[in-house]
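Peer 1: Here our numbering is used: the first residue of the sequence shown is 1, the next is one more, and so on.
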Amino acid sequence: MNLKDYLSITPEIEEAIREGKPVVALESTILSHGMPYPENVDFAHKVEEVIRAEGAIPATTAIIGGKLKVGLTAEELEIMCKAENVGKISRRDVAVYLATGRTGATTVATTMLIASLAGVRFFATGGIGGVHRGGEVTMDISADLQEFANTPVAVITAGCKQILDIGRTLEYLETYGVPVLGFKTDKFPAFYCKDSGFGVDYKLNSEEEAARICKTKWDLGLKGGVVIGNPIPDEYALNFDEMEAVINEALKMADERHIRGKAITPYLLATIKDLTHGVSFASNVQLALNNARVAARISKAYCELA
Ligand code: PSU
Ligand code: MN
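1) Three Cβ pairs or more, each shorter than 8 Å: is that satisfied between the segment 188 to 204 and the segment 142 to 151?
2) In the DSSP assignment, what residue or residues form a beta bridge with T106?
3) Tell me which residues share the same chain as T103 and place their Cβ nearer than 6 Å to its Cβ, disregarding the 5 neighbours each side in the sequence.
4) Using DSSP bridges, identify the partner residues of V226.
5) Counting only the same chain and skipping the five closest in sequence on each side, list residues whose C-beta sits under 7 Å from that of S283.
6) Return yes when the Cβ of E208 is within less than 8 Å of the Cβ of A301, no when it is not.
7) What are the start and end residues of the beta strand (DSSP E) that includes K184?
8) Measuring from each Cβ to the nearest heavy atom of the ligand PSU, keep the ones under 5 Å and list them in chain order.
9) Hey, would you say the C-beta of D140 is under 7 Å away from at least one heavy atom of the ligand MN?
10) Within a Cβ cutoff of 8 Å, which residues of the same chain sit near A254, ignoring the five residues on either side of it in sequence?
11) Just the Cα atoms here: how many angstroms apart are V24 and K262?
12) Taking the Cβ atom as the reference point for each residue, do V41 and L72 lie within a distance shorter than 8 Å?
13) With burial defined as no fewer than 16 other Cβ atoms inside 10 Å of the residue's Cβ, what is the status of R248: buried or exposed?
14) Just the Cα atoms here: how many angstroms apart are A16 and S299?
15) What residues in its chain sit with their C-beta under 7 Å from that of D186, if we drop five residues either side in the sequence?
16) By a C-beta neighbour count over all protein chains shown, 10 Å radius and 16 as the cutoff for buried, is E256 buried or exposed?
17) Going by DSSP in three states, A56 sits in which element: helix, strand or coil?
18) Reducing DSSP to helix, strand and coil, say where Y192 ends up.
19) Exposed or buried, which one is V70 when buried takes at least 16 other CB atoms within 10 Å?
20) Would you say S142 and T110 are within 8 Å of each other, going by their C-beta atoms?
21) What span of residues does the beta strand (DSSP E) with S9 cover, start to end?
22) Can you tell me whether V131 is helix, strand or coil according to DSSP?
23) Can you tell which of K67, G66, P58 and R133 has its C-alpha closest to the C-alpha of A74?
24) Secondary structure at P306, three-state DSSP: helix, strand or coil?
25) Which residues share a DSSP beta bridge with K69?
26) Once DSSP output is grouped into helix, strand and coil, what is the label at I51?
27) When you compare each of V96, V227, P38 and I259 to E174 by their alpha carbons, which one comes out closest?
Here is the structure:
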């Protein structure tokens, strides 16, 4: 058995990787556990179209039928969106899902892992996981952060949600040597909001600069990934203080219902959507599409350097 026995890459993506053409990875947890059905089906196709419109190839990942899938058919996207018996897989779950044939949606951590095994260097998501509020006591720290410490993939993200302890998330990334860059901003974005109140290490002035920094890091053999914070477009940005009130309410509800561990992020996402009557969902879609667009452009710039 070798890697090829587990990886299942579509012919189009395989050819693009071989020829050094731009490819952008996408996660499936955002579909299965982050957005409602059937709206997520529309999003799953739109986000791929945005990447194609920029001249790159989308590669949505998942674990299906004992394979690490890189690129999903319309039917497979439908399976991930319906999310019946679809788990949320972190690094610890990968071997279990492969060996038992379970269907799993990839998080930021596992999408980075699969992308890197396939040779894909750029990945667009909505928001990354991080240190949860109270994480200094519960030790609930997303496996996404350890993946950034170890796996050479750059993730274009609208920062992380205010549901997390953003300050401690950034401290953790610093400790593990992960560059946190802002795409045309010096502020670390907070998902629905353009400014978390925390800064980034460096502001990127162009796609080319982003690509050059990633290439330099990996040329040097410095292990791990890169966080590229890309703020939500102005017209969809929500008010930080209003979101803080909503998030505190959602956190209280989660606590009362004793929701813990990997269930907490999906619970908070769904509750925030209900509490904002869907306004947050429209923003969520737009920021993710914006990340896909920027990721495609950076991956193109990277291919032109190589
Ligand atoms: N944050 C979001 N939307 C999401 C997620 C995070 O705003 O859909 C998903 C991502 O897949 C991320 C995962 O990798 O949740 C983190 O989960 P946990 O905190 O259990 O590691
Ligand atoms: Mn967790």
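All C-beta atoms in this analysis are idealised placements derived from N, C-alpha and C, irrespective of residue type, glycine included.
Peer 2: Taking the structure as given:
1) no
2) By 1-based counting over the sequence shown, the position of residue 106 is 106. Partner(s): I89.
3) Residue mapping note: residue 103 aligns to position 103 of the sequence shown, counting from 1. I64 and V86, listed in sequence order.
4) Taking the first residue of the sequence shown as position 1, residue 226 is located at position 226. Its beta-bridge partners are A154.
5) Translated into the one-based positions of the sequence shown, residue 283 becomes position 283. Same-chain partners within the cutoff: Y192, I232, Y236 and L238.
6) As a first step, residue 301 must be located in the sequence shown, where it is residue number 301. As a first step, residue 208 must be located in the sequence shown, where it is residue number 208. Contact: yes.
7) For the purposes of this step, residue 184 is taken as residue 184 along the sequence shown, with counting starting at 1. K184 -> no beta strand (DSSP E), and no H or E assigned at all.
8) T29, I30, G34, T107, V108, G126, G127, G129, S142, D144, K161, K262 and T265
9) On the sequence shown, position 140 is the one that residue 140 refers to. Because some heavy atom of the ligand MN lies under 7 Å away, the Cβ of D140 counts as near it: yes.
10) The sequence position of residue 254 within the sequence shown is 254, counting from 1. Hits under 8 Å: I264, Y267, L268 and T271.
11) Counting from one through the sequence shown, the residue named residue 24 turns up at place 24. Counting from one through the sequence shown, the residue named residue 262 turns up at place 262. So the alpha carbons of these two residues sit roughly 26 Å apart.
12) For this step, residue 41 is matched to residue 41 along the sequence shown. For this step, residue 72 is matched to residue 72 along the sequence shown. Not closer than 8 Å, so no.
13) Here residue 248 refers to the residue found at position 248 when the sequence shown is read from its first residue. Note on identity: in this sequence residue 248 is Asn, with Arg being the wrong assignment. N248 should be labelled exposed.
14) For this step, residue 16 is matched to residue 16 along the sequence shown. For this step, residue 299 is matched to residue 299 along the sequence shown. Each residue's alpha carbon lies about 12 Å from the other.
15) Taking the first residue of the sequence shown as 1, we reach residue 186 at position 186. Correct list, in chain order: G199, V200 and K203.
16) In the sequence shown, residue 256 corresponds to position 256, counting from 1. Answer is exposed; the Cβ neighbour count stays below 16.
17) Here residue 56 refers to the residue found at position 56 when the sequence shown is read from its first residue. Note: A56 maps to coil in three-state DSSP.
18) Taking the first residue of the sequence shown as 1, we reach residue 192 at position 192. Looking at Y192 - three-state DSSP - the assignment turns out to be coil, as it is neither helix nor strand.
19) Position 70 of the sequence shown, counting from 1, holds the residue named residue 70. V70 comes out buried.
20) Locating residue 142 in the sequence shown gives position 142, counting from the first residue. Locating residue 110 in the sequence shown gives position 110, counting from the first residue. Not in contact: S142 and T110 (Cβ atoms no closer than 8 Å).
21) Residue numbering aside, residue 9 sits at position 9 when the sequence shown is read from its first letter. A quick correction: the sequence has Ile, not Ser, at residue 9. Here the beta strand (DSSP E) through I9 covers L7 to I9.
22) For the purposes of this step, residue 131 is taken as residue 131 along the sequence shown, with counting starting at 1. Strand at V131.
23) Looking up residue 74 in the sequence shown gives position 74. Nearest of K67, G66, P58 and R133 to A74, Cα basis: P58.
24) Within the sequence shown, residue 306 is the residue found at index 306, counting from 1. Note that residue 306 is Ala in the sequence shown here, rather than Pro. Residue state, collapsed to three classes: coil.
25) Position 69 of the sequence shown, counting from 1, holds the residue named residue 69. For K69, which the question treats as bridged, DSSP gives the partners S8 and A62.
26) Here residue 51 refers to the residue found at position 51 of the sequence shown. Looking at I51 - three-state DSSP - the assignment turns out to be helix.
27) As a working mapping, residue 174 is identified with position 174 in the sequence shown. Measuring from the Cα of E174, the nearest candidate turns out to be V227.
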